[in-house]
Each structure stands twice: as structure tokens, then as C-alpha cells.
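K.L.:
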Amino acid sequence: MTDLTINGAPHSVDVPAETPLLWVLRDVLGMTGTKFGCGIAQCGACTVHLEGVAVRSCQLAVGDVGTQAITTIEGIGATPEGTKIQKAWLDLEVIQCGYCQPGQIMSAAALLAANPAPDDADIDAAMAGNLCRCGTYVRIREGIKHAARS
Amino acid sequence: MRHDPENTRLGRPVLTRRSLLRGGAAFVGGLVIGIELPMRVARADEPAPAGAPLNAFVHVPAEGPVRLIMPAVEMGQGVYTSQAMCLAEELDITLDQIVAVHAPADQAKYGNPLFVVQATGGSTTTMAWTEPLRKAGATARALLVAAAAAEGGVDPAGLVTDKGIVTDPASGRTWTYGALADRAAVLPPPAEVTLKSPDQFRLIGTPAHRIDTPDKATGKTVYGIDVIRPGMAFAALMASPVIGGTVAHVDEAPALVQPGVRQVVVLDDLVAVVADNTWAAQQGLAALKVDWSPGPNATLTQAQLWADIETASKGPGVAAQKQGDALAKLGEGTLFEATYELPFLAHTPMEPMNCTVHVQDGACEVWVGTQVPGFSQMGAAKVLGIDPSKVTINNHIIGGGFGRRLEADYVVTATRIAAKVDGPVKVIWSREEDIKQDIFRPLYHDRLKARVENGRITAWHHRVTGASILARWLPPAFKDGIDGDAVDGAIDPPYAVGDILVEYIRHESVVPVGFWRGVGPNSSVFSIESFLDRIARNTSVDPVAFRRGLLADNPRALGVLNAATAKAGWGTPAPASRFGARTGRGVALMHAFGSYLACIADIAVSDQGDVRVTRIVVAADVGRVINPDTVVAQIQGGVTFGITTVLHDKVTIADGRVEQSNFHDYRLIRIDEMPAIEVELVASTEKPGGIGEPGTVIVQPAVANAIFAATGVQLTRMPVDAALLAKAV
Amino acid sequence: MRKRTVLLSLAGILVVVGVAALGVIGWMVFQPGPYGFATGTPVALAEDARPSPTGVPAELAGADQPTRAAYITRMADCEACHTAKGGQPFAGGRPFVLPFGTIYTPNITPDPETGIGKWTDAQFLDAVHRGIAPDGSRYYPAFPYPSYTMLTDADALAIKAYLFALAPVKQPNRPNSFAFPFNQRWLMAIWATLFNSDTRFEPVPEQSPEWNRGAYLVEAAGHCGECHTPRNLMQAMDQRRKFAGGVAEGWNAYNISSDGVSGIGDWSVEQLTAYLAAGHATGRGVASGPMGEAVALSLSQLVPSDIQAIVTYLKSVPPVASNLPRLAGPAPATPQVAGLDNPLGQRMFEGNCASCHAWSGAGAVREQAGLTGVRAVNDPSGANVALMVLNGSGPLAATHPYMPGFGRAYSDAEVAAVANYVTARFGSEASTLTAADIARFRHLE
């Protein structure tokens, strides 16, 4: 059994240690807010926080998590940055199909936590790993700035 | 504060969206409270009172939100909000008082008025559904008013409605819609209803926040891929890497020893591994040893496909539009000719193809996100040899469609697998399979010829060569050898072009093709707009001035052209850029999907030939607007999609196989490559047009024309090839 | 008179040049043997009374013949070169782009027409030991027979037995594209006379059995020097600079001598063992390109005692310094770094690379994705980094993540920029690759 702490709550899962956290969240624990997009860390849809740092859960073996705290889209609203980003996303209507947005919000929240006033280059550096096919990038950029000002 | 059953159940404090939007109290007494938003799109897993059906679109329960049935599915384009606005407008309720519900498969009730079949696509939702939904809202309101009038013994004409309440001003008596619903539902609907005049609108035309996004921001939205059924298994699949290939032999043993693997399913053309979770299924699939019979396409190459369409383009065509005698006129005078080619493209919605199916007792239940619930129902029924009525389609919010989910192939495939599995099974395509087994945007080959006299075009010949998607997808729509989609944008160009002949040459290959954001106009508009710039350059005329000269009789087109050029500062040089010494500004104009758009693109080209788009300006006349912010968002998104298309996208075939597989080799633009996108909506009271696709269409030729201006090299085969634009050393 | 003086002068020059040339060639020919560095005097195999260091390891002594033959074939790693990308194993067709043209490996499945199905044992030994084809023509030393010549007859014929047990694949060989004079195969007879010892492995009695086993695995079967030893003007391995680094298909095959800075002198036994057996050692990166194939198809399939023997032998190879810098230390974790002005490279990195490698270069969630401390990143040529960006790397195992290749969708300028960015940010010295360099790398395939 592997013990995990997700959004502050303890969970125990019985899967091979190499299983990516993504599939543990989605298929074992039923926490489907974290999305599968590519499986090779090229799209960012599966982004979660590991001790507050945005990481791609499709690459993270559940056996490597250890005692590090996991935060997902289901729990990010309980952090000040997560709340700000979610509110900004709705204020500016960033979201279209929304499938990539849990990952976008997780990356943006981590950025804001590390850097309360990011400039365009900071936003590029933090967000370029998150693809959006609908094309919401211009609003994502505005959303982060809006959240930073709030 | 609005009552929300889920939040109450979880015992969590509730902040309404409204309070949030006012800048509400995210911090209360220093305590951080997570955002909790009211549900306004029905969640699949939550039982709710069905409500009394006043018609196919409005169901009113005794308590709680009015249920609005959404004929067109939400895939990001904002139609759950705009459709709800149309219904709510006439029904006199607010968007806080509704829940949007996915329509079931039912062509009679929910067939798209423009397609007949139940489909969401072609940027048609607003065009097709605005009037029917307003009528449905008005009819439901009339029934509720009639029920109130009967109960109060008063003249219905004297009753007023607002925010879900019928009021008799004379007596002051009020009824909630919920209290009237059961009685209203059994009254005969009125034969005629009067719709509001635009000056009475409270919702239509005002910027409304979307009803689907709160759940999306918190990870609560259940997409098809998120469905969980009791006892569900998970499947990963791999189809023949060579188009048209089949399974020759499978050694199942290495897969079956993988932890969590339950079963291997072998079909003619694909194999699937069923397991306890998706990862285990993927591991099993990787371990499986499959020998494929490549079949007849094993030597097919992209070069051959290009050569074949080129050859076909010289064959006989069918006239799709003919006025005057263009061919005769083209025999004399200044003649221009050019050919433009567009590649195969994949859709790559961020939600990969997936479908959950449970086959049991001669029936089948499907959980999926689809643009075509009816086709999905028929497809599953055909696989199982059962009546379509035995197939239940549970539709979901879609994580990106772009035309991919106008096909039911993935429902069919999942059903074929599920037929061999005991219990429900969720089939998820890996991204690699999603791309390699896509139904691609067809190759297009457009050849244009024009005669130009005194700055005017006097004869015009446009030959469109490409596959017919309609002939397969909606056979009755393929008439007289003409695919109306393939020539959309080519016939009736916005310009005065004199005698015109537009021909269509149907050319099929073995590569499966389907609709793709922008559809036919992608090639037509790209070709026409590129061709006009070539003529303008060769006759030393400013490209905008040249177009204006051809638009004297088309005020809406001229209007957007003038708006865009004014906003962009046409006439001034494109600004210097750190991305490249060669900079350029390009223009494009279109009329398709019932909308008019003009686009100005600024670009920079590096010495090595890499192109960077630095600024996009779009002016759009989309007729009467339902939700202005959504129109802007769709243009921004469409433009972004189109920049990817012109700069990066192509699917190529080698040895009968799709060469691309994931986002490392099928490249999507990232946020750090984005230009500013400025959108201006030109006010209009014309019939509403579509806006999901035009942004994609219009930006491609604008960028190509800017590259042409910067380098003198015209892009004749998409996408940009840096080698052709590299500065000669 | 004047004419005669000129003639005499010319003759003099020719003599001087000739003597000098002979001297140079002699210098190249009369060089130490592959393990001439070792203390002791090699003796014929039969003269060493200890168990033979050839054949299969003790663990497989009791195995059946097919198992042993398969193991010896893995030791010699025939499959990597004799398999085209996506092609049938051992059916040949893999291109090697050399300065003189492109050569394609032949089909060595037992198909009688297109493969080696008609070969006799003697013909097979002639090929493997002497570079002579059944028709008497000569192979180019791209075929590593100067190493394989050290294989015992029994081991070479075990490989033949393994190959002959494969299913025949009908796949005609592709002719090479060498131009004159390199298309003159008879010249290779002279080359072989000078540079192929045509001598079977000779153990060194003064060295341990483990060392001798390692020498046999490294020099004869594994033919490590073919890539890792620099070549002289005549394209023979320069044993005086043994393992100081060479080139394989555009990849730098790094210095694997014991030099502490440029070689593997400061690698621990554990690191070397892990790298060889599993393709990855903590802090040392992942075997990629041809080395990745060598691990996947050969080294990872060897028993632990054989890996240990290889490590023992490699550790004994004397240090030869080459022109590689000391490895750089940790990199900053923040995206923006003062003095690193490569916006295109940074754009590439932030979009495509940072998700796995992290801004610190330490690997976001996988140590295997670490960049700092990796030799390829600390190689100012940037070649291996660029080739990994183009072609990808891995996976090490089905369950492990891998790096995809970005070559198909990204331009030469973009690939050059990100390689230069990575070497600057995480390495000790920035590479200065250009788009033209990347275009050249693309043509290596």
C-alpha cells in the first residue's frame, strides 16, 4: 500500500509503485479533475502541486511521492492563490472547453504563490508547458495579471 | 445566497458566483474559503427532479432551477450559455434560475434545423437555434401564464412575468413557475407566440457570464473521460499503424501477466487491453506482441498523395457556380494563375478520444462527449445488431471538438470492445492513437485564374480539388457531384470578380478525412486571399486598396475591412521586431458561416526563416450578437487555432502510416508564441452568423500575406516551411 | 643542368615525403594492442590454465546451446547495427553516414538470397575475423572486425548458429554511396593488412580472471573502442589515446578512460555498473543514442558478473585527458538567469523541456531527467544534446517515461537554440550550434 496526502486528506492505494499519480488520482481515487492529455509532459493538463510546486502527474510515479503533500484542482480553491486564480478565470471568462484549465489553474496558482507580481516573461516561463487547443492563452495571461492585482 | 444541494451535502460554506463576481468575500475573518459555485450545468452523477416538460427544451420542476434542454452540445464555444439566454430571454427567467441539461439522442426533437440530423458543428448553433429556442421559451412562458390565468380567473394578457414568477398586477397575486408547471404542461400549446422585440431584450446582446465555466474552474465538470460507473474496467487500444491494416497474430501472454490486466480483446483491425485502471491497460498494451498485416497501403507516401491530388486537379470538374463565360474571357488579357495546397491535419482536442460503454441484456448504455448523439446511437446499435432505441446515449460536456466529435467512430470502436467485456468499460485513446487514428482534415488543392483589367477582376476561375466529407457524412447533402462544404467560401466570394466559374473536383484517397475547425472555407479563403495579394503585388497596388475596389457592392465586407485597417493602422509599416529583421503586415477578408471578418496580421521572420506573429487585429460583423464576450472569445480562440495551423500543423504519411504521434511532433502554439489579439465587433442587426470557426479561417491567409509582404515568398503549400523563408546566405 | 637540378630536388622531396609518410604510417601501424597498457604478457588462450574468459559466463555454463548462442550474440551486439529503424531485427539496412558517403549494414538473417543463409562456417569466420566477404571482396571497417577478430572461433560460430536459427527475412542489401577512391574496396585489403591484427583474444596471466573477462567483453565482443577510441588519419583506432573519445553517428562517444575530469575516473563502481546495466546512473544522466542502444540490446542483458568484469576492466584503463571541461555545479531554480541571452532557446525550454527537466535542471519529478552533472550537457560541442532534442531518448523500460524527439516539428534554428541554451544554463560551457549544424545532424539518419 502507498500512503498519500491529497488536499490534506490521507489516502491509501494498492498499485505498483511505478504507476503515475495521474492514473491513481483518476482511476483509483476517482478524482477526475486532473486531466490526461498527452502522457509525455508536453501538455500540462495533468498538473498538480507537490509541496506547492507545479508538476506533471503523468510523469510522477506514485512510489516517488513519499510524504510530500499533493494538491489537485479539487483542493486548490482552499489556497489564497488558487482562489484568486479561479475567481480571475471566471471574471474574465478565460475558459472555453475547459479541459486544459485544471492544469492551467494549477500552474498559474503555483506561479502566483512563488511570484505575486509576475511579468510577461515570468508568465511565459510558468505557463508555456500548458497547452490549450481552444486558444485561451490571451485570457490566461490577462487572468494571471488580474489575479495578481486582486 | 443560492441553495446548492451539493454544497449543503458536503457541509461546506457557499459563496455564490455573484458575490464572487462583485469581488466577493474570498477571505472571511481571515479564514480562507474555497470557491464554491452553484451548479448550472447538470452534473451527470446527480439525481435531480425531471420537472414538467412544457416542450422539448423547457422542463419546470416544482422546486429548484428550470431545466433547459440543450440541443447543441457545449464544447467550449459557449452555446450552453447562449442557448440558455435565448430560452431564458423569452421565458423571463435569469441565468441563475436554470440548469442546462444535455439533450438525449432524439433527432425528431433535437435535430439541427440546418442539418436535419442531431449535430453541433459548422458554426451553426446560433444560426440554427436562436429562433427555435426563443419560440420554445415564449411558448413555455405562454403556457405558464395561461395556467396562472386559469387559476386566478383573469385575462392572461394582464399578467406579467419576471424572474420565474407570474404576477397579476391587479390583485398582486403571484405564482412561481414551479407551482404552475404541472398544470401548464397539460395545456395545449398556443399556435402562435409573439417574440420580444430587440428593445425588450434583457439578456440577448448583453455580456453574460457563462454557465458552464464555474464547474470547469474547480474540476467538477464531468467530461466523457471522467465518467465512473460501478464495476467499470478500463481499456487501452492500438489500431493498425498502417492505414487499412489488420491484425495478423497476437501473443496475449505477455500482456496478461502484467499486474491489473484482466483481458485482451482482439478485433480485425485493432487490439485492446482491459484492466483495473488505464495505466495497467497501457502497460498491458505495451507488453502485447502484435503482428500486423499492413494491407495494400504499406507503400503509400505523402509525395504520392500530393502527386495524386495534383493529377486529379487537372481532370474534369463539376461547376459549382457559373456566371458569364469566365473561361472564354480568361483566354485574353492579363492573366494570373496560382495553386495553393493544404495538408492533412489532426484535431487534437485536449480531451483525447474516449467512450464508456456497457453492453448487457440486448441493450447498451454509452457515456461520451459527442457532437452527434444520433449517429453515436445508430453506430452502437449497428455494432450490436440491436434497435437504436435500445441504445442510451449520455452526452457530456466536450473537452474540445473542432469537428473530431462529429464522427461516431470512437463510439463504434468502444462498443465493439465493450461487446466482448462483461460490465462497463471505459476506452481511452492514448494521445498517440488519438492522432494516428484521427479522421483528418482533407488535403485541398485550389487552383485560381483571373483576368485583371484596370485594377478590376473581370474573369475568375477557381478549381477546388479535395475529398468530399459530406458524401460520406450526410449523403443526401452531396448533390450533383458538388460538396457544398468543400466549395464554401469559393462560391459567392465577397468580391466583384466579373465572370465566375467555380469548379469542384472530388478526389478521395485512402486516408480517412472529416470536418475540421474552419472546414471548406479554410482552403477557399486561404487561396482567394493569397491569390488577391499576388495580383495586387504584381500589379503594384496596395492589397487593401485593391480589395476595396472589388467591394463597392458589399457594404458589410467593406465595413469590416475598413474597421480592421483603421484599428491596425494599415498604411504604416509593420513595427520592428526582436524576432526578426524582416517584418510584414498582411490582410485578409472573408464571408462565410454567415459572418464577415477582416484580419490584419503583423509578423516577423528571422534570418533562419522562423516566423513569429506579433499582432493580430480582427474586425467582425457577425450579425445580431447573443453574448458579445463569447463572440470575442471565439475569435481569439479561433485565431489562436489558426496561427498553429499556418505556422506549424501538418500530418504526413510515410509507408502508409501517420508520421505524427503526440505534441512533440504535432505542434500546437504555446502561450509564449502568442501575439496580442485585438477584436472589434462591428454593430449589426442582421441575422446572426456563426463564429466558432471564422477566426481560424481568417488568420491563416492574413499571416501568409504578411509573410509574403516581408519576404516576397508566397506560401503555396501550408504550413510555413522555414527553409523556404531562410535568408539566402 | 637546371632541369636536372629540378628533377633531383623533386626526387629529394619525394624521398623525404615518402620517408615521412612511411614514418607516420608506421607510427600508426606499430602501436600498442588494445590492452597493451596492462601489466603482463598476453599468452595464447590455451596457455592460460585458468577458466577461459571467453564464451558464456559461469552462470550460463549449464545452459543449452541456443541460450548460450543468444547470450554471445548479445555480448557482441550485432542487432543494433544490423537493424534499420523500424525494420526487422538483423535484416540490415541501417545507414551509417560517413565522410566518404553512406554505407548500409547488410542483412544477416539466414535468407539464402538476401541474407547469409548460404554462408559456410569458414566464410563466416573470414568475415568476422578478417573482413573478407564470401566473394573475396573486402568489408569497410565500419564493420568492427578489427575488434571481432579477437572473438574465439567457437564464439563467432555460436553467433552464426544464433543467426541461422532466426526466421529468414527477405530484404536485399542496399549499396553504399561511396565515391572514388573510397569505392575501391580492394584498398581495404591493404588497410586490413596494416590495421587488423587477425589474432584471437590472448589473456594476460598477470591480470585477474575478472579483468580478463572484462577485456574480452570490452575489446572483442563489445567493441567499445570502435566508438570510444579516437581514430587516426588512416581511420584505425588510435590505441595510444585509448578510450579518449570518438564519434558514433554524429554522437560524441565520450572519454571512458580513467581521466578524472574528461573521462570516467570519478565515476563510482556503482555508477558505472548502473549506467551499463540499466542505462542510467544517479547524477550521470541517461544513455542515449548509440549508447542507449548498446545498453538496451546488449549490456542490460548481461549477467551481473559480466557487468562487474567490464567495470573492473574499464577502471584499469589509464587516464587520457581529452578536451572536455569539468562538470558544472547546480543551476539556479528561477527561470530568468542574468547573462543568459538566448530568448529562442529559453522559449523552447520553457515550453517543451522544463516540465520534465525543471528550471534547476535537477529533473522535475524524475532524477533520470536531470541535466546538471551530465556529460552531454557539459560538452561545448552541444552535439549530443542537439541529437537528443532531435531524436529523443529512451525509454529505459516500458514503465519509464522517455524523452520524445522534437526534430519533426521544430526548425533547425529552434533546435540549435535550445541546445545552446541547455549547455549554457546547465553546463560548464555554452555550445554555439547553428541552424546549419542541426541540418547536418538531421542528415545523419
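Residue numbers (this note's numbering), protein chains in the order written: chain A, 202 to 351; chain B, 34 to 762; chain C, 661 to 1105. Ideal Cβ positions, reconstructed from N, Cα and C, are used throughout, including at glycine. Bear in mind that the values here come from a model prediction, so they are computed numbers and not experimental data.
Give a yes or no on whether the minimum CB-CB distance between ASP1072(C) and chain B is below 8 Å.
P.N.:
By 1-based counting over the third sequence, the position of residue 1072(C) is 412. Yes, its Cβ sits closer than 8 Å to a Cβ of chain B.
K.L.:
My assumption, with CB atoms under 8 Å, is that ILE430(B) sits in contact with CYS397(B). Please give the rounded CB distance.
P.N.:
As a working mapping, residue 430(B) is identified with position 397 in the second sequence. As a working mapping, residue 397(B) is identified with position 364 in the second sequence. Actually they do not touch by this definition, with Cβ atoms about 22 Å apart.
K.L.:
Using a C-beta cutoff of 8 Å, does VAL530(B) count as contacting chain A?
P.N.:
The residue you call residue 530(B) lines up with position 497 of the second sequence. By this cut-off, VAL530(B) is not an interface position.
K.L.:
Taking only beta-carbon atoms, is ALA250(B) less than 8 Å away from chain A?
P.N.:
For the purposes of this step, residue 250(B) is identified with residue 217 of the second sequence, where counting begins at 1. Chain A, which has a Cβ nearer than 8 Å to the Cβ of ALA250(B), makes this yes.
K.L.:
If you measure beta-carbon to beta-carbon, which residues of the segment 630–654 of chain B are closer than 8 Å to chain F?
P.N.:
Among the protein chains in the structure shown, which are A, B and C, there is no chain F.
K.L.:
Could you name the residues of the same chain whose beta carbon sits closer than 7 Å to that of VAL574(B), not counting the 5 residues immediately before and after it, in chain order?
P.N.:
Taking the first residue of the second sequence as 1, we reach residue 574(B) at position 541. Cβ within range, chain order: GLY488.
K.L.:
If contacts are defined as beta-carbon pairs under 8 Å, then GLY299(A) and ARG464(B) qualify, I think. What distance do you get, rounded to the angstrom?
P.N.:
Residue mapping note: residue 299(A) aligns to position 98 of the first sequence, counting from 1. Residue mapping note: residue 464(B) aligns to position 431 of the second sequence, counting from 1. With 8 Å as the limit, GLY299(A) and ARG464(B) do not qualify as a contact, their Cβ atoms being about 18 Å apart.
K.L.:
Short of 6 Å in beta carbon distance, which residues of its chain neighbour LEU811(C), apart from the five on each side in sequence? Order them along the chain.
P.N.:
As a first step, residue 811(C) must be located in the third sequence, where it is residue number 151. Result list for LEU811(C): ALA880, in chain order.
K.L.:
Does the beta carbon of TYR699(B) come closer than 8 Å to any beta carbon on chain C?
P.N.:
Residue numbering aside, residue 699(B) sits at position 666 when the second sequence is read from its first letter. Yes, its Cβ sits closer than 8 Å to a Cβ of chain C.
K.L.:
Using a C-beta cutoff of 8 Å, does TRP603(B) count as contacting chain A?
P.N.:
Taking the second sequence and counting its residues from 1, the one referred to as residue 603(B) is at position 570. For TRP603(B), the answer is no, since every Cβ of chain A falls outside 8 Å of its Cβ.
K.L.:
Quick one: list the residues of chain C neighbouring ASP323(A), beta-carbon separation under 8 Å, in chain order.
P.N.:
Along the first sequence, one-based indexing puts residue 323(A) at 122. Residues of chain C passing the Cβ test: PRO995, GLN996.
K.L.:
Give, in chain order, every unbroken run of the alpha helix (DSSP H) that is at least 4 residues long and sits entirely within the segment 930–965 of chain C.
P.N.:
The qualifying runs are 949–957.
K.L.:
Just the Cα atoms here: how many angstroms apart are ALA59(B) and ALA585(B)?
P.N.:
For the purposes of this step, residue 59(B) is taken as residue 26 along the second sequence, with counting starting at 1. For the purposes of this step, residue 585(B) is taken as residue 552 along the second sequence, with counting starting at 1. Its pLDDT being 32, under 50, ALA59(B) is placed unreliably by the model, and nothing is read from it.
K.L.:
State the beta-bridge partners of LYS196(B) as determined by DSSP.
P.N.:
Taking the second sequence and counting its residues from 1, the one referred to as residue 196(B) is at position 163. Bridge partners of LYS196(B): none, in fact.
K.L.:
Could you tell me whether the Cβ atoms of ILE819(C) and ALA729(C) are closer together than 8 Å?
P.N.:
Position 159 of the third sequence holds residue 819(C). Position 69 of the third sequence holds residue 729(C). The answer is yes: Cβ separation under 8 Å.
K.L.:
Rounded to the nearest angstrom, what separates GLY656(B) and TYR256(B) at their Cα positions?
P.N.:
Position 623 of the second sequence holds residue 656(B). Position 223 of the second sequence holds residue 256(B). C-alpha separation (whole angstroms): 32 Å.
K.L.:
Quick one: list the residues of chain B neighbouring CYS247(A), beta-carbon separation under 8 Å, in chain order.
P.N.:
What you label residue 247(A) is simply residue 46 of the first sequence in a count that begins at 1. Correct list: empty, because the minimum Cβ distance to chain B is about 11 Å.
K.L.:
Contact between the segment 630–641 of chain B and the segment 722–740 of chain B is defined here as three or more beta-carbon pairs at a separation below 8 Å; is this criterion met?
P.N.:
These segments touch.
K.L.:
DSSP state of ILE763(C), grouped into three classes?
P.N.:
Here the question's residue 763(C) lines up with position 103 in the third sequence. Strand, per DSSP.
K.L.:
By the 10 Å Cβ neighbour count, where 16 or more other Cβ atoms means buried, how is SER556(B) classified, buried or exposed?
P.N.:
In the second sequence, residue 556(B) corresponds to position 523, counting from 1. The residue in question, SER556(B), is buried, as its Cβ has 16 or more Cβ neighbours within 10 Å.
K.L.:
Assuming ARG257(A) contacts GLY245(A) (C-beta within less than 8 Å), just tell me the rounded distance between them.
P.N.:
Along the first sequence, read from residue 1 onward, the residue named residue 257(A) stands at position 56. Along the first sequence, read from residue 1 onward, the residue named residue 245(A) stands at position 44. Their Cβ separation, rounded to whole angstroms, is 7 Å, which keeps ARG257(A) and GLY245(A) in contact under 8 Å.
K.L.:
Near PRO94(B), which residues of its chain fall below 8 Å by C-beta distance, leaving aside the five closest residues on each side in sequence?
P.N.:
To locate residue 94(B), count along the second sequence from 1; it is residue 61. Once the five neighbours on either side are set aside, the close Cβ partners of PRO94(B) are ALA81, PRO82, ALA83, GLY84, ALA85, ARG100, GLY211, ALA214.
K.L.:
Report yes or no: do the segment 558–578 of chain B and the segment 355–372 of chain B share at least 3 C-beta pairs separated by less than 8 Å?
P.N.:
These segments touch.
K.L.:
Below 9 Å on C-beta distance, what does LEU261(A) contact in chain C?
P.N.:
If you number the first sequence from 1, residue 261(A) lands on position 60. Near LEU261(A) (Cβ distances below 9 Å), the residues of chain C are ALA1024, VAL1025, ARG1026.
K.L.:
Alpha carbon to alpha carbon, how far is ALA130(B) from TRP208(B)?
P.N.:
In the second sequence, counting from the first residue as 1, residue 130(B) sits at position 97. In the second sequence, counting from the first residue as 1, residue 208(B) sits at position 175. According to the sequence as given, residue 130(B) is Gln; it is not Ala. Going from the Cα of GLN130(B) to the Cα of TRP208(B) covers about 15 Å.
K.L.:
If I measure Cβ to Cβ from PRO794(C) and keep anything under 7 Å in the same chain, skipping five residues before and after, which residues do I get?
P.N.:
Here the question's residue 794(C) lines up with position 134 in the third sequence. The residues are TRP779, GLN783.
K.L.:
Relative to the alpha-carbon of GLN773(C), which residue among HIS789(C), HIS883(C), VAL829(C) has its alpha-carbon at the smallest distance?
P.N.:
Numbered from its first residue, the third sequence carries residue 773(C) at position 113. Note that residue 773(C) is Glu in the sequence shown here, rather than Gln. With distances taken between Cα atoms, GLU773(C) lies closest to VAL829(C).
K.L.:
How would you call MET202(A), buried or exposed, if buried means at least 16 neighbouring beta carbons within 10 angstroms?
P.N.:
Position 1 of the first sequence, counted from the first residue, corresponds to residue 202(A). Exposed is the call here.
K.L.:
Less than 8 Å between the CB atoms is what I'm expecting for VAL304(B) and VAL283(B), so what's the real figure, rounded?
P.N.:
The count along the second sequence starts at 1 and reaches residue 304(B) at position 271. The count along the second sequence starts at 1 and reaches residue 283(B) at position 250. Indeed they touch by this definition, with Cβ atoms about 6 Å apart.
K.L.:
Taking the DSSP output, what are the residues bridged to LYS355(B)?
P.N.:
Taking the first residue of the second sequence as 1, we reach residue 355(B) at position 322. Per DSSP, LEU534(B).
K.L.:
Do LEU974(C) and ILE924(C) come within 8 Å of each other at the CB atom, strictly closer than that value?
P.N.:
Locating residue 924(C) in the third sequence gives position 264, where the first residue counts as 1. Locating residue 974(C) in the third sequence gives position 314, where the first residue counts as 1. In contact: ILE924(C) and LEU974(C) (Cβ atoms closer than 8 Å).
K.L.:
Return the chain-ordered list of same chain residues with a C-beta closer than 8 Å to the C-beta of SER213(A), the five sequence neighbours on each side being excluded.
P.N.:
Here residue 213(A) refers to the residue found at position 12 when the first sequence is read from its first residue. Counting only Cβ-Cβ distances below 8 Å, and skipping sequence neighbours, we find MET202, THR203, ASP204, LEU205.
K.L.:
Smallest Cα separation from VAL646(B): which of HIS242(B), LEU507(B), ALA743(B), PRO661(B)?
P.N.:
Here residue 646(B) refers to the residue found at position 613 of the second sequence. Looking at the Cα atoms, ALA743(B) is the closest of the given residues.
K.L.:
Would you kindly report the start and end of the unbroken alpha helix (DSSP H) that includes ILE731(B)?
P.N.:
Taking the second sequence and counting its residues from 1, one reaches residue 731(B) at position 698. That run of the alpha helix (DSSP H) goes 727–744.
K.L.:
Report buried or exposed for THR605(B), applying the criterion of at least 16 other Cβ atoms within 10 angstroms of its Cβ.
P.N.:
For the purposes of this step, residue 605(B) is taken as the residue at position 572 of the second sequence. That one is exposed.
K.L.:
Does any C-beta atom of chain B lie closer than 8 Å to the C-beta of THR220(A)?
P.N.:
If you number the first sequence from 1, residue 220(A) lands on position 19. It does; some Cβ of chain B falls within 8 Å.
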